[in-house]
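So for the sequence shown, my numbering puts the first residue at 12; every next one is plus one. No residue lacks a Cβ here, since even glycine has one placed at the ideal position from N, Cα and C.
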Amino acid sequence: MSTIRFIHTADLHLDSPFKGMTGLPTDRLNNLRDSTFAAFTKLIEHAVKTKPDFMLIAGDIYDGEDRSLRTQMKFREGMVKLDTAGIPVFISHGNHDHLGGRWTRFDLPPNVHVFDEHVETVRLTVDGQEVLISGFSYQERHIRDKVIDRYPVAEGQDAIHIGMLHGSLAGDETHAVYAPFTKNELLAKRYDYWALGHIHVRQQLHETPPIVYPGNLQGRHRNERGTKGFYEVELSKTTASLHFIPASAIVFDRLELPCAGMSHANEWLTACSEVLESFKEHNGAGIVELLLTDIDREAANLFSQSPEGEWLEVLRDYVGESEPYVWVQKITFASQLNLSMASSALMQSVAGMIDGWTTEDWKDVLKDVYQHARGVKYLDVLTADEIDEVKTGATALLAAEMSGME
Numbered sequence: 012m013s014t015i016r017f018i019h020t021a022d023l024h025l026d027s028p029f030k031g032m033t034g035l036p037t038d039r040l041n042n043l044r045d046s047t048f049a050a051f052t053k054l055i056e057h058a059v060k061t062k063p064d065f066m067l068i069a070g071d072i073y074d075g076e077d078r079s080l081r082t083q084m085k086f087r088e089g090m091v092k093l094d095t096a097g098i099p100v101f102i103s104h105g106n107h108d109h110l111g112g113r114w115t116r117f118d119l120p121p122n123v124h125v126f127d128e129h130v131e132t133v134r135l136t137v138d139g140q141e142v143l144i145s146g147f148s149y150q151e152r153h154i155r156d157k158v159i160d161r162y163p164v165a166e167g168q169d170a171i172h173i174g175m176l177h178g179s180l181a182g183d184e185t186h187a188v189y190a191p192f193t194k195n196e197l198l199a200k201r202y203d204y205w206a207l208g209h210i211h212v213r214q215q216l217h218e219t220p221p222i223v224y225p226g227n228l229q230g231r232h233r234n235e236r237g238t239k240g241f242y243e244v245e246l247s248k249t250t251a252s253l254h255f256i257p258a259s260a261i262v263f264d265r266l267e268l269p270c271a272g273m274s275h276a277n278e279w280l281t282a283c284s285e286v287l288e289s290f291k292e293h294n295g296a297g298i299v300e301l302l303l304t305d306i307d308r309e310a311a312n313l314f315s316q317s318p319e320g321e322w323l324e325v326l327r328d329y330v331g332e333s334e335p336y337v338w339v340q341k342i343t344f345a346s347q348l349n350l351s352m353a354s355s356a357l358m359q360s361v362a363g364m365i366d367g368w369t370t371e372d373w374k375d376v377l378k379d380v381y382q383h384a385r386g387v388k389y390l391d392v393l394t395a396d397e398i399d400e401v402k403t404g405a406t407a408l409l410a411a412e413m414s415g416m417e
């Protein structure tokens, strides 16, 4: 059996607005806003250089249905480069870039096939190997029904069958649940590869056959941490090999810095600089949160001398703007700092109670905020990281209030 080679990418979110990045210098903010285009350029350049048999884009090319002319033009330019290189492209639009959006459309070159709202199967031949690709595009933003039921079962032992689906596992509420499916429903179709999109975390749900989320091409905020990119896949009827290709122009991440025994500010600044330099070496440009851990009484006494905002300002001045540029978005003190600064029995008791709350407890406590009709559009899904941050902030506020009462 012949082996084919293709690129699987999804969730490009071109022209993402990157909200909430207060304090970032204007030129750096512009670089951040262009980072989705920079990541897209890396994708196109890699494809032109390596010449895969075809490319799959599994939804959310654009960040919103009202895509700009500039964004569409840049995407079209990339498709034209692939057309010149003889690389077919198959596109399945998702919930962010659904077909029902209102925008001035650009005509795409002949190498691009865009699936419509009905599940269809496209046939192509790669060096004598027949390949069948099935997929569909969202007609509107909210697709709640199980579109997987409309996909045909693979027939014929010789052809390679690939399914493209922008959606999520039924019951997985880490993302909004659209076009839900179960792993068994995918396997029942007997395809050789499932090219998924919608979930921004890179993951392989099944090995043989591969059921794959490549994640998004460029992280867009602090909850989309780590290097992002796409997969280059070699596939036959009996084997599959996946190679991850990094594409992030700017990497979001959280860095931990142990602070035990620190008693002078210059010690802390030097340690911060070393952590950031290590990050640069491995990731290049980035936007990071600094989590200060292992805070004993000595370190707690050091940090209590100045407010958190001043520590952050001094750190930004100290590290400067050397390339590749890393912006420290925020500093978070671990809860040990707050507990050591507020030693009353009441503080210990209340903090212990908060620390013992389950995810369901937190959802109940925060329901007035997350159920507010006007405010909910500014909030992400309540994740474990969000809960940890609220917990740390609540403990800090409690410590400050208790300190004022003593």
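Residue i classed as buried or exposed, judged by whether at least 16 other C-beta atoms fall within 10 angstroms
| i | result |
| --- | --- |
| MET66 | buried |
| SER354 | The predicted position of SER354 is uncertain, since its pLDDT is 47 and thus under 50; a value taken from the coordinates is nonetheless stated next. Flag for SER354 reads exposed. |
| ASP74 | buried |
| GLY70 | buried |
| ASP22 | buried |
| THR61 | exposed |
| ASP26 | buried |
| ALA310 | buried |
| GLY120 | The residue asked about is misnamed: residue 120 is Pro in this sequence, not Gly. Exposed, because fewer than 16 other Cβ atoms sit within 10 Å of the Cβ of PRO120. |
| THR20 | buried |
Three-state class that DSSP yields for residue i in the structure shown
| i | result |
| --- | --- |
| LEU228 | coil |
| SER284 | helix |
| TYR149 | coil |
| GLY174 | strand |
| ILE15 | strand |
| ALA199 | coil |
| TRP368 | coil |
| ALA353 | A caution first: ALA353 carries a pLDDT of 42, below 50, which makes its placement in the model too unreliable to give a value. |
| PHE290 | helix |
| LEU40 | helix |
| ILE154 | coil |
| GLU166 | coil |
| LYS388 | Annotation note: pLDDT 48 at LYS388 (below 50); position unreliable, coordinate value reported separately. Three-state DSSP puts LYS388 in a helix. |
| GLU334 | coil |
| GLU141 | strand |
Beta-bridge partners of residue i, as assigned by DSSP
| i | result |
| --- | --- |
| LYS341 | GLU300 |
| ARG20 | Per the sequence shown, residue 20 should be read as Thr rather than Arg. For THR20, which the question treats as bridged, DSSP gives the partners ILE68. |
| SER252 | GLU245 |
| GLN215 | VAL223 |
| LEU35 | Partner(s): none; LEU35 has no beta bridge. |
| LEU180 | PHE192 |
| LEU25 | TYR73 |
For residue i, the first and last residue of its enclosing alpha helix (DSSP H)
| i | result |
| --- | --- |
| HIS57 | 46-61 |
| GLU243 | Taken as a continuous stretch (DSSP letters only), GLU243 belongs to no alpha helix (DSSP H), being part of the beta strand (DSSP E) at 240-246. |
| LEU323 | 319-330 |
| PHE314 | 308-314 |
Residue interval of the beta strand (DSSP E) (run including residue i)
| i | result |
| --- | --- |
| ASP264 | 262-269 |
| TYR204 | 204-208 |
Runs of alpha helix (DSSP H) wholly within the segment 80-137 (minimum 4 residues, chain order)
Taking only runs of at least 4 residues, the alpha helix (DSSP H) segments lying wholly in the segment 80-137 are 80-95.
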